[in-house]
Amino acid sequence: MALGLKGKVQILFVCTGNICRSPMAEALLKKRLPAKYKSRVNIISAGTHAIDGYPSSFTGLSVAEELGIDLSQHKSQPVTPWLLAHSDLILVMEPAHLDAIRRFDPTASPRTFILPEFGFSEDMRDGNSEVFDPISGDLSVYQRVYHELDREITRIIPFIEQVIESAG
Numbered sequence: 009m010a011l012g013l014k015g016k017v018q019i020l021f022v023c024t025g026n027i028c029r030s031p032m033a034e035a036l037l038k039k040r041l042p043a044k045y046k047s048r049v050n051i052i053s054a055g056t057h058a059i060d061g062y063p064s065s066f067t068g069l070s071v072a073e074e075l076g077i078d079l080s081q082h083k084s085q086p087v088t089p090w091l092l093a094h095s096d097l098i099l100v101m102e103p104a105h106l107d108a109i110r111r112f113d114p115t116a117s118p119r120t121f122i123l124p125e126f127g128f129s130e131d132m133r134d135g136n137s138e139v140f141d142p143i144s145g146d147l148s149v150y151q152r153v154y155h156e157l158d159r160e161i162t163r164i165i166p167f168i169e170q171v172i173e174s175a176g
């Protein structure tokens, strides 16, 4: 394990622009992770094509608020070699992000998973799952995607706990 910053497990969520899916996944995991693990993990997000400093989308802010999540302080950041090297687990939203991570840093590949496939055995992962990008959608599209993210984060928490426990 890389053990990111100050000996903490670092979990990186990646989407395209780091303004919709990955910041929501980051915020949901921060909210849903049991308190006993929160001091042992650093949860962040970035985008394969992100421009530094952009806020979450307006519709995304509204839908996140419905789920009790405040994304008002979020600022986008691009994926960097440093982030990849210091992340113990990288969870991406679609196959294109998986390919981008492999191009950026092939050594990060074993720690990188498409979110809907994380926690399943290798024979059950086909590399084609994805969390749809709501960026051009209306409110109902964002709601559907954010509720999907909420279900996925809830599903993977036991696996995240195992990652943290195995790091010591």
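Per our numbering, the very first residue in the sequence shown carries number 9; after that it's consecutive.
Cβ coordinates follow ideal geometry from the N, Cα and C atoms, glycine included.
For residue i versus residue j, is the C-beta distance shorter than 8 Å?
i: F112; j: P142; result: no
i: A35; j: I77; result: yes
i: P86; j: A116; result: no
i: L41; j: I165; result: yes
i: L20; j: L79; result: no
i: V71; j: Y154; result: yes
i: A33; j: L147; result: no
i: E169; j: E138; result: no
i: P118; j: H82; result: no
Under DSSP, the alpha helix (DSSP H) around residue i begins and ends at which residues?
i: S70; result: 66-74
i: A58; result: No alpha helix (DSSP H) contains A58, which DSSP labels as neither H nor E.
Kindly identify the DSSP beta-bridge partner or partners of residue i.
i: I98; result: L20, T120
i: P86; result: G55
Would you identify the three-state DSSP class for residue i, choosing helix, strand or coil?
i: I109; result: helix
i: V171; result: helix
i: P103; result: helix
i: V149; result: helix
i: A43; result: helix
i: P63; result: coil
i: S53; result: strand
i: E138; result: coil
Roughly how far, in whole angstroms, is the beta-carbon of residue i from the beta-carbon of residue j, given that I think they are within contact range, below 8 Å?
i: V22; j: I172; result: That belief does not hold up - the Cβ atoms of V22 and I172 are roughly 20 Å apart, past 8 Å.
i: I73; j: P124; result: In the sequence as presented, Ile is not what sits at residue 73; that position holds Glu. In fact, because the Cβ distance is near 24 Å, the residues do not count as touching under 8 Å.
i: S84; j: A104; result: Contact flag wrong, Cβ pair sits at about 17 Å.
i: L37; j: I51; result: 5 Å
i: G68; j: Y150; result: 6 Å
Please confirm whether any heavy atom of the ligand MG lies closer than 7 Å to the CB of residue i.
i: D141; result: Of ligands this structure carries none, so the ligand MG is not represented either.
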